[in-house]
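Participant:
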Amino acid sequence: MNGEKELTCIGCPLGCLLTVNMTPEGIFVSGNTCPRGDVYARKEVTNPTRIVTSTVRVQGGVIARVSVKTESDIPKEKIFACMEEIRKTSVPAPVRIGDVIIRNCAGTGVRVVATKDVEESCDG
Amino acid sequence: MICHDIVIIGGGPAGLAAAAAARKNGMEDILILERDRVLGGILNQCIHNGFGLHTFKEELTGPEYASRYIRLVKELGISCRTGSMVLSISRDKEVTVVSREKGLQVIRAKALILAMGCRERPRGALNIPGCRPAGIYTAGTAQRLMNIEGYRVGKEAVILGSGDIGLIMARRMVLEGAKVKAVAELMPYSGGLKRNIVQCLDDYGIPLKLGYTVVDIEGQDRVEGVTLAAVGPDRKPIAGTEEHYRCDTLLLSCGLIPENELSKGMGLPMNPVTSGPMVNDRLETGAAGVFACGNVLHVHDLVDYVSEEAALAGEHAARYVRNGGAESETSGHLPVILRAENGVRYTVPQSLDPGAMAEKVTVRFRVSDVYKGRSVCVYLDKTCISRQKRRVMTPGEMEQVTLTRERLLQAPGLKEITIRTEVEE
Ligand SMILES: Cc1cc2nc3c(=O)[nH]c(=O)nc-3n(C[C@H](O)[C@H](O)[C@H](O)COP(=O)(O)OP(=O)(O)OC[C@H]3O[C@@H](n4cnc5c(N)ncnc54)[C@H](O)[C@@H]3O)c2cc1C
Ligand code: SF4
Chain A
17 MNGEKELTCI GCPLGCLLTV NMTPEGIFVS GNTCPRGDVY ARKEVTNPTR
67 IVTSTVRVQG GVIARVSVKT ESDIPKEKIF ACMEEIRKTS VPAPVRIGDV
117 IIRNCAGTGV RVVATKDVEE SCDG
Chain B
2 MICHDIVIIG GGPAGLAAAA AARKNGMEDI LILERDRVLG GILNQCIHNG
52 FGLHTFKEEL TGPEYASRYI RLVKELGISC RTGSMVLSIS RDKEVTVVSR
102 EKGLQVIRAK ALILAMGCRE RPRGALNIPG CRPAGIYTAG TAQRLMNIEG
152 YRVGKEAVIL GSGDIGLIMA RRMVLEGAKV KAVAELMPYS GGLKRNIVQC
202 LDDYGIPLKL GYTVVDIEGQ DRVEGVTLAA VGPDRKPIAG TEEHYRCDTL
252 LLSCGLIPEN ELSKGMGLPM NPVTSGPMVN DRLETGAAGV FACGNVLHVH
302 DLVDYVSEEA ALAGEHAARY VRNGGAESET SGHLPVILRA ENGVRYTVPQ
352 SLDPGAMAEK VTVRFRVSDV YKGRSVCVYL DKTCISRQKR RVMTPGEMEQ
402 VTLTRERLLQ APGLKEITIR TEVEE
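Chains as they are written, first to last, in the working numbering: chain A, 17 to 140; chain B, 2 to 426.
#1: Using a Cβ-Cβ cutoff of 9 Å, what residues of the region 149-160 of chain B are near chain A? List them in chain order.
#2: Find out if the Cβ-Cβ distance for the pair A/Ile117, A/Val126 is shorter than 7 Å.
#3: I want to verify the contact list: residues of chain B whose CB lies under 8 Å from the CB of A/Leu30, in sequence order.
#4: According to DSSP, is B/Phe57 helix, strand or coil?
#5: Once the 5 residues before and after B/Val424 are set aside, which same chain residues still bring their CB inside 7 Å of it?
#6: Quick one: using the 10 Å Cβ neighbour count with 16 as the cut-off for buried, is B/Pro189 buried or exposed?
#7: Identify each residue in the region 118-137 of chain A for which the Cβ-Cβ distance to at least one residue of chain B is less than 8 Å, and report them in chain order.
#8: According to the Cβ coordinates, are B/Arg145 and B/Gln46 closer than 7 Å?
#9: Answer with yes or no whether the minimum CB distance from A/Ile90 to chain B is below 7 Å.
#10: For a test of the three-state rule: what should DSSP assign to A/Pro91, helix, strand or coil?
#11: According to DSSP, is A/Ile67 part of a helix, a strand, or is it coil?
#12: If you draw a straight line from the C-alpha of A/Ser70 to the C-alpha of A/Met99, how long is it?
#13: With 16 as the cutoff for other CB atoms within 10 Å, does B/Ala126 come out buried or exposed?
#14: Candidates B/Lys237, B/Glu186, B/Glu316: which alpha carbon is nearest B/Ala23's?
#15: Quick check on B/Ile48 - is its C-beta less than 7 Å from some C-beta in chain A?
#16: Give the DSSP bridge partners of A/Cys98, in chain order.
#17: With respect to the alpha helix (DSSP H) encompassing B/Met170, which residues constitute its N-terminal and C-terminal limits?
#18: With 16 as the cutoff for other CB atoms within 10 Å, does B/Met2 come out buried or exposed?
#19: In three-state terms, what does DSSP make of B/Glu76?
#20: Among all the DSSP beta bridges, which residues are the ones paired with B/Val345?
#21: Helix, strand or coil for B/Met426 per DSSP?
#22: Taking A/Lys85 as the query, report the chain B residues whose CB atoms sit under 7 Å from its CB, ordered along the chain.
#23: When a residue counts only if its C-beta is closer than 5 Å to some heavy atom of ligand 2, which residues count, in chain order?
#24: What are the partner residues of A/Gly77, as DSSP defines its beta bridges?
#25: Check for me: the alpha helix (DSSP H) holding B/Gln411 runs from which residue to which?
#26: Where does B/Arg320 fall in DSSP's three states?
Shown next as C-alpha cells:
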C-alpha cells in the first residue's frame with residue numbers, strides 16, 4: 017500500500033492535520049503535535065475500526081425500537097454489512113441491557129448487545 | 002398540602018445525579034418530578050457511544066449512561082414520579098404539577114432543584130424563506146423519531162448546522178441507508194466536536210460546507226430540494242454562490258436553548274448569554290433555596306460535567322435544608338461578581354462568596370471564537386493571579402478554571418473576578 021493520505025487527529029481538540037506517507041520503507045506521519053497523533057494515524061491507515069450503534073425492532077414492547085451496539089469495535093469496512101444484519105433483526109420484549117441480540121455480526125466475531133431496557137407493553 | 006424536603010424538576014442526568022448527591026448528604030425526603038414516561042432525559046434518544054469517558058472511564062451509549070444513574074437512584078430508594086409535568090413554581094417554592102393519575106396538585110418544597118434540560122431552537126426562529134413543506138425536522142426530533150419510534154425520516158437529506166446533534170444524525174441517516182448530501186454551517190468553524198466531524202462526516206465522505214446557509218427550500222407538499230449559498234463576513238448570502246441540492250429532507254441543527262419558562266415564571270434573574278438563571282458558587286439562583294444544574298443552567302457538550310455540576314447542586318440543596326435557610330450560609334462578605342471578558346462569553350457561576358465558598362470552586366465558561374495559543378487569565382480586581390496557556394479553545398467545547406478560597410481570601414475588599422483570554426506574545 018503506497019501513497020499519501022490526510023487525516024484529522026481526534027486525540028484532542030487541537031485536531032492536527034496529519035499527513036501519512038505509506039512507502040515500502042514504512043509509514044511516515046507528519047503534522048502531529050504529539051505522539052498520540054502518530055499512533056492514531058498508523059492505526060487509521062492499517063486497521064481502522066469503529067463501534068457501531070443502531071436500533072433493532074422490538075415486538076410487543078412499550079417502545080418500538082431497542083438501542084444496540086457492537087460489543088467492541090469492528091473493522092471500518094464491515095460497518096455496512098453489520099448494519100444490514102442489524103436492520104433485518106427483531107427481538108421480542110422484554111429486553112435487558114447487555115442481552116445478546118446478534119451472536120456474530122457479519123462474520124466479525126463481535127456480538128451486538130442491547131443498550132437499553134424495554135419492558136413488555138400491557139396492551140399487547 | 003404535600004410537603005417534601007427537596008423537590009427536583011426533571012429526571013434527566015442532572016436531576017438524577019442531584020438526587021443521588023442530596024441523599025448521600027443525608028436527605029431522606031426527596032422527590033423527582035419527570036414529565037416523560039421514563040427517566041433519563043435526552044440520553045434515551047442518544048444511542049451513539051461516547052458518554053461517560055470521564056465518570057466511568059469507559060465509552061457508554063446514552064441509554065447505558067442514564068441507566069447507571071437510574072439504578073443508583075432506585076437503589077437509594079428515592080421517589081420518582083414520571084408522567085408528571087410541572088406547570089408553574091411560586092417564589093415560596095410551591096410547585097404546581099399535573100399528571101394523569103393524580104390530576105392537578107400543589108407540592109411545597111424546602112429546597113428546589115431545577116433540572117429541566119434544554120430544547121432545540123425551533124425552525125420558526127431560523128428565518129428561512131419559502132413555504133413550509135413536510136420533510137423539515139429539527140435534528141433532535143428526527144433523532145427521537147428514528148431511535149425511539151422507529152420511523153425513517155427520509156432518503157436524501159441536507160443538514161443545516163454542524164452542532165453535535167446534526168453531525169450524529171448525518172451518520173445515523175447514512176447507516177439507515179439514506180444519502181446525506183451536505184452539512185452546511187453558517188459560521189466559519191463547526192460547533193461540533195472534532196471527533197464527530199471525523200467519525201460522522203469524513204468516514205462517510207459527507208461534505209461540510211463552512212460559511213454556507215440555506216437560502217431556498219423547494220417543494221409544495223414535501224421538500225424536493227434546497228439551495229445553499231456562501232455567506233460573507235456579515236453572514237449574509239453572497240449572490241452568485243448558490244448551489245442546488247435535490248433532497249426530500251432538511252434537518253435543522255441550529256443550537257439548543259435552556260428550557261426556562263418555569264424559571265422566568267418565578268421571576269428569577271436570568272443571564273442573557275446562557276439563557277439560564279444567574280447562580281452563585283452554590284449553584285443557587287436569585288431565589289434562596291432554589292438551585293439549578295445541567296442544561297437548564299447552560300448548555301453542556303459532555304454529560305460527565307452535567308453529572309458533576311448536578312451533584313454539587315444536590316449537596317448544597319441538602320445543606321440548605323439542614324441549615325433551615327440560606328442566611329446561615331453567608332459569611333457576611335458581599336458577593337463577588339464574576340465577569341466574562343475579551344473572548345470569554347460567560348461564566349457559571351456569576352457570583353461567589355469567598356467567606357462561605359468551598360475550598361475550590363470550578364468556574365465553567367465558553368469562548369466566542371476559535372483561539373489558538375491564547376491564555377485564560379484570572380484577575381482579582383486589577384491583579385492577574387493566573388495565566389494558563391491553551392493550545393486551542395473552541396466555542397463548541399466548555400472550558401474551566403478553578404478558584405481556591407485560600408487565594409481569594411488573600412485579596413481584601415475583593416469586588417470583582419474577571420476571566421478573560423489574552424493573546425500570548
Ligand atoms: C442530541 C444530543 C446529543 C448529545 N451527545 C452527547 C455525547 O455524545 N456525549 C456527551 O457526553 N454528551 C452529549 N450530549 C449532552 C448531554 O446528553 C446533555 O448535556 C445531558 O443529557 C443534559 O442533561 P439534563 O439532565 O440537564 O437535561 P435532559 O437530559 O434534557 O433532562 C431534562 C429532563 O427534564 C424534564 N422536564 C423538562 N421540563 C419539565 C417539566 N416542566 N416538568 C417535569 N419534567 C420536565 C425533561 O422531560 C427531561 O427528562 C448530547 C445532548 C443532546 C441534546
Ligand atoms: S496530534 Fe496530539 S496535539 Fe495534535 S490533535 Fe492529536 S492528540 Fe491533539
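Even glycine gets a Cβ: it sits at the ideal position worked out from N, Cα and C.
Facilitator: The structure says:
#1: Correct list: Ile149, Glu150, Gly151, Tyr152.
#2: By one-based count along the first sequence, residue 117 of chain A stands at place 101. By one-based count along the first sequence, residue 126 of chain A stands at place 110. At least 7 Å separates the beta-carbon of A/Ile117 from that of A/Val126.
#3: If you number the first sequence from 1, residue 30 of chain A lands on position 14. The contact set of A/Leu30 on chain B, defined by CB atoms closer than 8 Å, consists of Arg392, Val393 in chain order.
#4: By one-based count along the second sequence, residue 57 of chain B stands at place 56. Judged by DSSP in its simplified three-state form, B/Phe57 adopts coil rather than helix or strand.
#5: Counting from 1 along the second sequence, the entry for residue 424 of chain B is found at position 423. Within the same chain, B/Val424 has close Cβ partners Arg375.
#6: Here residue 189 of chain B is taken as the residue at index 188 of the second sequence, counted from 1. Exposed is the call here.
#7: For the region 118-137 of chain A, the beta-carbon criterion of a distance under 8 Å to any beta-carbon of chain B is satisfied by Thr131, Lys132, Asp133.
#8: As a first step, residue 145 of chain B must be located in the second sequence, where it is residue number 144. As a first step, residue 46 of chain B must be located in the second sequence, where it is residue number 45. Yes; because the gap between Cβ atoms is below 7 Å, this pair is in contact.
#9: Taking the first residue of the first sequence as position 1, residue 90 of chain A is located at position 74. No, A/Ile90 lies away from the interface with chain B (no Cβ there is under 7 Å from its Cβ).
#10: Position 75 of the first sequence, counted from the first residue, corresponds to residue 91 of chain A. Three-state result, A/Pro91: strand.
#11: On the first sequence, position 51 is the one that residue 67 of chain A refers to. Under the three-state reduction of DSSP output, A/Ile67 falls in the coil class, being neither helix nor strand.
#12: Taking the first sequence and counting its residues from 1, the one referred to as residue 70 of chain A is at position 54. Taking the first sequence and counting its residues from 1, the one referred to as residue 99 of chain A is at position 83. Those two C-alpha atoms are separated by around 8 Å.
#13: Translated into the one-based positions of the second sequence, residue 126 of chain B becomes position 125. Only weak support exists for where B/Ala126 lies, its pLDDT of 49 falling under 50; the coordinates are left without a value.
#14: The residue labelled residue 23 of chain B in the question sits at position 22 within the second sequence. Closest option to B/Ala23, Cα to Cα, is B/Glu316.
#15: Numbered from 1 along the second sequence, position 47 holds the residue referred to as residue 48 of chain B. The C-beta of B/Ile48 comes closer than 7 Å to at least one C-beta of chain A.
#16: Within the first sequence, residue 98 of chain A is the residue found at index 82, counting from 1. When DSSP reads this structure, A/Cys98 sits in no beta bridge, so it has no partner.
#17: By one-based count along the second sequence, residue 170 of chain B stands at place 169. B/Met170 -> alpha helix (DSSP H) spans 165-176.
#18: Position 1 of the second sequence, counted from the first residue, corresponds to residue 2 of chain B. Burial call: exposed.
#19: On the second sequence, position 75 is the one that residue 76 of chain B refers to. Here B/Glu76 carries a helix assignment [DSSP, helix/strand/coil].
#20: Residue 345 of chain B sits at position 344 when you count from the first residue of the second sequence. The partner list for B/Val345 (beta bridge, DSSP) reads B/Val368.
#21: In the second sequence, residue 426 of chain B corresponds to position 425, counting from 1. It is Glu, not Met, that sits at residue 426 of chain B in the sequence shown. Coil, per DSSP.
#22: Residue numbering aside, residue 85 of chain A sits at position 69 when the first sequence is read from its first letter. Residues of chain B passing the Cβ test: Asn50, Thr62.
#23: Those satisfying the condition are, in chain order, A/Cys25, A/Gly27, A/Cys28, A/Leu30, A/Cys32, A/Asn48, A/Thr49, A/Cys50, A/Arg52, A/Gly53.
#24: To locate residue 77 of chain A, count along the first sequence from 1; it is residue 61. Looking at the DSSP output, A/Gly77 bridges to A/Glu136.
#25: Position 410 of the second sequence, counted from the first residue, corresponds to residue 411 of chain B. Boundaries for B/Gln411: no alpha helix (DSSP H) harbours it, and the DSSP string shows neither H nor E there.
#26: Residue mapping note: residue 320 of chain B aligns to position 319 of the second sequence, counting from 1. In the structure shown, B/Arg320 sits in a helix (DSSP, three-state: H, G or I).
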